[in-house]
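Protein sequence lines, in the order shown, are assigned to chains F and S. Residue numbering for the first sequence follows the numbering used here, beginning at 190 and increasing consecutively. Residue numbering for the second sequence follows the numbering used here, beginning at 2 and increasing consecutively.
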Amino acid sequence: MIRTYALLAWTWTRAAAQYPLSFALMTAGGLVVGGLDIAVIWVIFANTDALAGFGLTEVMFLYGASQLAFALADMLFGNVDRISQHIGAGTLDVMLIRPVSPFVQVAADRFTPHRIGRSIQAGAVLAVGLTRLDVPLGRVWMVPVMVVSGIVIFTALFTLGGALQFLLTAAPEVANAFTYGGATLTQYPLSVYDTRVVRGLTFVLPLAFVNWQPGLYVLGRPDPLGLPSWTGLLSPAAALTLAAVAALAWRAGIRRYRSTGS
Amino acid sequence: MILGHGAAVSLYPRLAWYGFRRHATYWAAALAGAFTNTVFGVLRAYVLIALWQARPGLGGYDVAGAVTFTFLTQAFIGPMQLFGGGLDLPQRIRTGDVALDLVRPASLQLWCLSEDLGRAAYLFVVRGGPPTLVGALLFGIVAPHAPAAFLLSVALGVVVSFGWRYIVALATCWVMDDRGLGVLSMVLTTFFSGLMLPLAIFPGWFGELARALPWSAMAQVPADVYLGTADPARALAFQALWAAVLLALGALMTGAARRKVVIQGG
């Protein structure tokens, strides 16, 4: 499965490499679009020293961690959100009769390597934030764990969004509210939101485990909701639970799919 | 065929009506867009509330004003096409269909503008209504300061937005890859229209520059007219000026494109 994915992704990468200027421009475009977020954070902190109790460096760390996870998930599996186009065009039928998982085929179809630009930007912000933070070595190991958990959580969200499109073929944009919405939501410390929202994001849709709970652990800060400090260590478990739910939803969607037959 | 005077008068309103009806067909997509705009509005509102709690009165808005600003600008995304696009022109240039458009006995620019006004009128209701309504229910938003001036300001904002998008679309004639242009236009529009943050809180000379650029006429200025934080007459004059400049530039480019296009016979 991984081999097939890698093969398909490599094919699309080679195709993209045929137009090197276009590839370079689109990669730069990703860097610039990501740079906009930084411009927004810069304007906010030109007006205040702390946003909901967090300073510029801490916000950069939280932003970098969640956006790096999102950018990588988007590059590797984000094309799952184009499933409604495959349903509309009838290309999903073709994928279903091939002896490869349709998820792998949809995810690798039109693999866009230039999305790496966004990861580079987010990774740079994370690195700058971390070096200015002075995190003790005993807690810094959590950073890669949280990024990987974040990738799994966002991939699960993309998959859930894809599964939703089996029901809403005419309105695929609804799924964006969850995928891109989730990425936007985790850009800032969750303390800016209402505590009811944060509870929902902790216990129902575990977006708090992308960068908030593990981030609080890395920063050594108490949770405003009063949860114990080891809650952040549960990120991998939360990610795997959401992934299992997404896998079930995706299978239900595929099973429910009826081709138009044309 | 030469259109008579009467036909020319009714042509553009009719095109606007067709633009309206064409977009009304895709009501599900419009509602889905409205849903997404609303969700992002809620997220943005929380961040701005946190900022305004740290700095009450920042930029001349109170918290209710900042929340209203957020949902208004989210409501503008559809009608003002703040993420770009909305015109068929780039695709028609790539396929060569634009040659047909250029030989029509009607101005290409006015043709596109009429269709775009119809599109904007439909999206103003369907994509503008839900975010405003949800914002009012969840957070409470303030009532319009000058409703008539606000509607006029929205209409002028759409014309400025069209003027800009038309120039970007027509540039496809000279630049082969229109995607890069699209990204550039989106970055400029989303940041300098006030969609991401009110331009009133941009610091120093950067803020003054941002408020003078045409993109501010697409979101910041209509929102200020709504909130009463800008003098309506001055705001409308500012928008009208940029609308005139961009439309004139677009007209010049249309002339240049007309000379550049070579129609292959056969």
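Every residue, glycine too, gets a C-beta built ideally from N, C-alpha and C.
Residues of chain S with CB under 8 Å from residue i, in chain order?
{"i": "residue 365 of chain F", "result": "37"}
{"i": "residue 381 of chain F", "result": "47, 48, 50 and 51"}
{"i": "residue 370 of chain F", "result": "37, 40, 41 and 44"}
{"i": "residue 240 of chain F", "result": "48, 51, 52 and 55"}
Alpha carbons only, please: which of the options is nearest the one belonging to residue i?
{"i": "residue 339 of chain F", "options": "F/384, F/195, F/253 and F/383", "result": "F/253"}
{"i": "residue 255 of chain S", "options": "S/143, S/170 and S/62", "result": "S/170"}
{"i": "residue 81 of chain S", "options": "S/210, S/194, S/226 and S/248", "result": "S/194"}
{"i": "residue 77 of chain S", "options": "S/120, S/56 and S/110", "result": "S/120"}
{"i": "residue 301 of chain F", "options": "F/323, F/262, F/326 and F/289", "result": "F/262"}
{"i": "residue 243 of chain S", "options": "S/224, S/213, S/234 and S/223", "result": "S/213"}
{"i": "residue 195 of chain F", "options": "F/383, F/365 and F/296", "result": "F/296"}
{"i": "residue 261 of chain S", "options": "S/149, S/94 and S/161", "result": "S/94"}
{"i": "residue 267 of chain F", "options": "F/363, F/433 and F/299", "result": "F/299"}
{"i": "residue 365 of chain F", "options": "F/383, F/343, F/402 and F/399", "result": "F/343"}
{"i": "residue 230 of chain S", "options": "S/19, S/61 and S/112", "result": "S/61"}
{"i": "residue 70 of chain S", "options": "S/228, S/232, S/175 and S/237", "result": "S/228"}
{"i": "residue 341 of chain F", "options": "F/250, F/264, F/234 and F/303", "result": "F/264"}
{"i": "residue 322 of chain F", "options": "F/448, F/276 and F/244", "result": "F/244"}
{"i": "residue 446 of chain F", "options": "F/354, F/325 and F/382", "result": "F/354"}
{"i": "residue 40 of chain S", "options": "S/151, S/135, S/181 and S/252", "result": "S/135"}
{"i": "residue 271 of chain F", "options": "F/351, F/216 and F/227", "result": "F/351"}
{"i": "residue 153 of chain S", "options": "S/47, S/65 and S/233", "result": "S/233"}
{"i": "residue 247 of chain F", "options": "F/401, F/442, F/418 and F/425", "result": "F/401"}
{"i": "residue 227 of chain F", "options": "S/173, S/165 and S/188", "result": "S/188"}
{"i": "residue 79 of chain S", "options": "S/160, S/124, S/45 and S/253", "result": "S/124"}
{"i": "residue 240 of chain S", "options": "S/72, S/90, S/223 and S/253", "result": "S/223"}
Just to make sure I have the definition right: I need the residues of chain S whose C-beta is within less than 9 Å of the C-beta of residue i. Which are they?
{"i": "residue 248 of chain F", "result": "Here the premise fails: no neighbours, minimum Cβ distance about 11 Å."}
Determine the direct distance from the alpha carbon of residue j to that of residue i, and round the result to whole angstroms.
{"i": "residue 2 of chain S", "j": "residue 106 of chain S", "result": "Confidence at residue 2 of chain S is low in this model, with a pLDDT of 44, below 50, so the placement of that residue should be treated as unreliable; the coordinate-derived value is given next. Using only the alpha carbons, I get a separation of about 7 Å."}
{"i": "residue 427 of chain F", "j": "residue 407 of chain F", "result": "17 Å"}
{"i": "residue 317 of chain F", "j": "residue 75 of chain S", "result": "32 Å"}
{"i": "residue 204 of chain F", "j": "residue 289 of chain F", "result": "21 Å"}
{"i": "residue 54 of chain S", "j": "residue 429 of chain F", "result": "37 Å"}
{"i": "residue 192 of chain S", "j": "residue 241 of chain F", "result": "23 Å"}
{"i": "residue 377 of chain F", "j": "residue 208 of chain F", "result": "36 Å"}
{"i": "residue 314 of chain F", "j": "residue 328 of chain F", "result": "19 Å"}
{"i": "residue 384 of chain F", "j": "residue 208 of chain S", "result": "33 Å"}
{"i": "residue 293 of chain F", "j": "residue 226 of chain S", "result": "50 Å"}
{"i": "residue 203 of chain S", "j": "residue 232 of chain F", "result": "6 Å"}
{"i": "residue 200 of chain F", "j": "residue 282 of chain F", "result": "21 Å"}
{"i": "residue 158 of chain S", "j": "residue 218 of chain S", "result": "6 Å"}
{"i": "residue 214 of chain F", "j": "residue 374 of chain F", "result": "28 Å"}
{"i": "residue 267 of chain S", "j": "residue 92 of chain S", "result": "Because the pLDDT at residue 267 of chain S is just 45, under 50, the model does not fix this residue reliably, and the value given afterwards should be weighed accordingly. Between residue 267 of chain S and residue 92 of chain S, the C-alpha separation is close to 22 Å."}
{"i": "residue 210 of chain F", "j": "residue 185 of chain S", "result": "16 Å"}
{"i": "residue 162 of chain S", "j": "residue 269 of chain F", "result": "32 Å"}
{"i": "residue 435 of chain F", "j": "residue 382 of chain F", "result": "26 Å"}
{"i": "residue 274 of chain F", "j": "residue 257 of chain S", "result": "37 Å"}
{"i": "residue 83 of chain S", "j": "residue 30 of chain S", "result": "17 Å"}
{"i": "residue 415 of chain F", "j": "residue 388 of chain F", "result": "11 Å"}
{"i": "residue 363 of chain F", "j": "residue 247 of chain S", "result": "34 Å"}
{"i": "residue 220 of chain S", "j": "residue 196 of chain S", "result": "7 Å"}
{"i": "residue 304 of chain F", "j": "residue 399 of chain F", "result": "20 Å"}
{"i": "residue 443 of chain F", "j": "residue 347 of chain F", "result": "15 Å"}
{"i": "residue 190 of chain S", "j": "residue 166 of chain S", "result": "10 Å"}
Quick one: list the residues of chain F neighbouring residue i, beta-carbon separation under 8 Å, in chain order.
{"i": "residue 204 of chain S", "result": "232, 235 and 236"}
{"i": "residue 129 of chain S", "result": "The premise fails here: residue 129 of chain S is roughly 16 Å from chain F at the closest Cβ pair, so nothing lies under 8 Å."}
{"i": "residue 245 of chain S", "result": "Those do not exist, as residue 245 of chain S stays about 29 Å from chain F at its closest Cβ, beyond 8 Å."}
Can you name the residues that DSSP bridges to residue i?
{"i": "residue 185 of chain S", "result": "Note: residue 185 of chain S sits in no beta bridge, so no partner."}
{"i": "residue 240 of chain F", "result": "F/243"}
Using a C-beta to C-beta distance shorter than 7 Å, which residues of chain F count as neighbours of residue i?
{"i": "residue 29 of chain S", "result": "359 and 360"}
{"i": "residue 188 of chain S", "result": "221, 222 and 225"}
{"i": "residue 149 of chain S", "result": "In chain order: nothing, as chain F lies at least about 32 Å away."}
{"i": "residue 34 of chain S", "result": "362"}
{"i": "residue 193 of chain S", "result": "Those within 7 Å of residue 193 of chain S in chain F number zero; the least Cβ separation is about 10 Å."}
What residues from chain S crowd round residue i, counting only those whose CB sits closer than 7 Å?
{"i": "residue 373 of chain F", "result": "41 and 44"}
{"i": "residue 377 of chain F", "result": "48"}
{"i": "residue 229 of chain F", "result": "197 and 198"}
What does residue i touch in chain F if you count any residue whose Cβ is under 9 Å from its own?
{"i": "residue 119 of chain S", "result": "The contacting residues do not exist; residue 119 of chain S stays about 21 Å from chain F at best."}
{"i": "residue 231 of chain S", "result": "Per Cβ cutoff of 9 Å: no residues; residue 231 of chain S is ~20 Å from chain F at best."}
Should residue i be flagged as near chain B, meaning a C-beta pair shorter than 8 Å?
{"i": "residue 408 of chain F", "result": "No chain B is part of this structure, whose protein chains are labelled F and S."}
Practice task
Compile a chain-ordered list of the residues in the stretch 43-62 of chain S whose CB is closer than 7 Å to at least one CB of chain F.
Solution key: Across the stretch 43-62 of chain S, CB contacts with chain F closer than 7 Å involve 44, 47, 48, 51, 52, 55, 56 and 59, in sequence order along the chain.
Exercise for the section: For the stretch 191-223 of chain F, enumerate the residues whose C-beta is nearer than 9 Å to any C-beta of chain S, in chain order. Expected result: Answer in chain order: 208, 210, 211, 214, 215, 217, 218, 219, 221 and 222.
Handout entry: chain S contacts made by the stretch 331-345 of chain F, where a contact means CB separation under 9 Å
Key = Listed by position, the residues of the stretch 331-345 of chain F near chain S (Cβ gap below 9 Å) amount to none.
Handout entry: Interface positions of the stretch 83-97 of chain S facing chain F (Cβ-Cβ less than 7 Å), listed along the chain
Key = Those residues of the stretch 83-97 of chain S that come within reach of chain F (Cβ to Cβ, closer than 7 Å) do not exist; the list is empty.
Handout entry: Residues of the stretch 172-184 of chain S with Cβ closer than 8 Å to any Cβ of chain F, in chain order
Key = Residues of the stretch 172-184 of chain S with a C-beta atom less than 8 Å from some C-beta of chain F are 178, 180, 181 and 184, listed in chain order.
Practice task
Could you name the residues of the stretch 419-441 of chain F whose beta carbon sits closer than 8 Å to any beta carbon of chain S, in the order they occur along the chain?
Solution key: Taking 8 Å as the Cβ-Cβ cut-off against chain S, none of the residues of the stretch 419-441 of chain F qualify.
Practice task
Compile a chain-ordered list of the residues in the stretch 67-81 of chain S whose CB is closer than 9 Å to at least one CB of chain F.
Solution key: Listed in chain order, the positions of the stretch 67-81 of chain S with a beta carbon within less than 9 Å of a beta carbon of chain F would be empty, since no residue qualifies.
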